[in-house]
Amino acid sequence: MWDKRLTEKFCDICIKEILKGNRPGTHFTKDGWLKIMTNFEKETGKGFSQRQLKNRWDALKKEWKAWKKLKGEDTGLRWNPIKRIVDASDDWWESRLQVVPEAQKFRTLGIDPEFKGKLDQMFMGIAAKVIKHGHLLLVHSRLIFLRMLPTKYLKRMKKKI
Numbered sequence: 001m002w003d004k005r006l007t008e009k010f011c012d013i014c015i016k017e018i019l020k021g022n023r024p025g026t027h028f029t030k031d032g033w034l035k036i037m038t039n040f041e042k043e044t045g046k047g048f049s050q051r052q053l054k055n056r057w058d059a060l061k062k063e064w065k066a067w068k069k070l071k072g073e074d075t076g077l078r079w080n081p082i083k084r085i086v087d088a089s090d091d092w093w094e095s096r097l098q099v100v101p102e103a104q105k106f107r108t109l110g111i112d113p114e115f116k117g118k119l120d121q122m123f124m125g126i127a128a129k130v131i132k133h134g135h136l137l138l139v140h141s142r143l144i145f146l147r148m149l150p151t152k153y154l155k156r157m158k159k160k161i
């Protein structure tokens with residue numbers, strides 16, 4: 001049911017809603033979910049309920065957490081684009097899977113770096129929000145997004161800060 005194309009579309013739509021401010025904390029607003037459902041159906045021709053989309057969100061988040069935990073702080077790993085896996089020794093895999101057994105599936109099919117970037121945008125905690133000169137600066141670990149936002153949204157954000 002969820003192939004790569006649908007998952008990518010879903011992620012792109014969620015990221016747009018996050019950047020529009022429809023996920024002010026850890027959850028989307030009612031309006032955010034409505035826009036996600038509407039835009040997803042418009043762009044894919046498939047109508048899913050909020051519950052179905054939320055289930056996909058939760059599954060992606062669980063997968064992302066396992067991937068992050070698997071890789072840990074190990075920055076010396078290389079991505080093999082042909083096999084679509086992390087190039088690591090059997091010893092590395094055995095030791096990491098002792099700590100993160102739920103990441104076993106990544107030994108044969110990993111999360112490619114481009115898709116990981118989307119998941120980071122969706123799930124990585126927002127470290128700071130700074131409103132300055134009509135911009136909202138969202139600072140994620142290693143990712144920075146600067147977007148122009150509508151004035152009405154900026155006014156709402158200023159009231160919350």
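Numbering (the numbering used here), first residue to last: 1 to 161. All C-beta atoms, glycine included, are put in the ideal place defined by N, C-alpha and C.
In this chain, R84 is not harboured by any beta strand (DSSP E), its DSSP state being neither H nor E. Using a Cβ-Cβ distance cut-off of 8 Å, the region 88–100 and the region 36–44 are not in contact, since fewer than three pairs of beta carbons, one from each stretch, lie closer than that value. Take the alpha-carbon of L60 and the one of L119: they are about 8 Å apart. An exposed status is given to I82, since fewer than 16 other beta-carbon atoms sit within 10 Å of its beta-carbon.
By the 16-neighbour rule on beta-carbons within 10 angstroms, R84 is exposed. The region 47–126 contains, as complete alpha helix (DSSP H) runs of 4+ residues, the segments 50–71, 90–99 and 113–123 (chain order). Inter-residue distance for W33 and P101 is about 32 Å (C-alpha atoms, whole angstroms). In the structure shown, T29 adopts coil according to DSSP, grouped into three states. The distance from the Cβ of W79 to that of P113 is about 6 Å, consistent with a contact at the 8 Å cut-off. Here K35 is near N22, since their CB atoms are less than 8 Å apart. The beta carbons of I15 and M122 sit closer together than 8 Å. Under the DSSP assignment, K9 falls in the alpha helix (DSSP H) whose first and last residues are K4 to L19. A straight line joining the alpha-carbon of K54 with that of A88 spans about 33 Å.
In summary, K62 is exposed, with fewer than 16 beta-carbon neighbours lying within 10 Å of its beta-carbon over all protein chains present.
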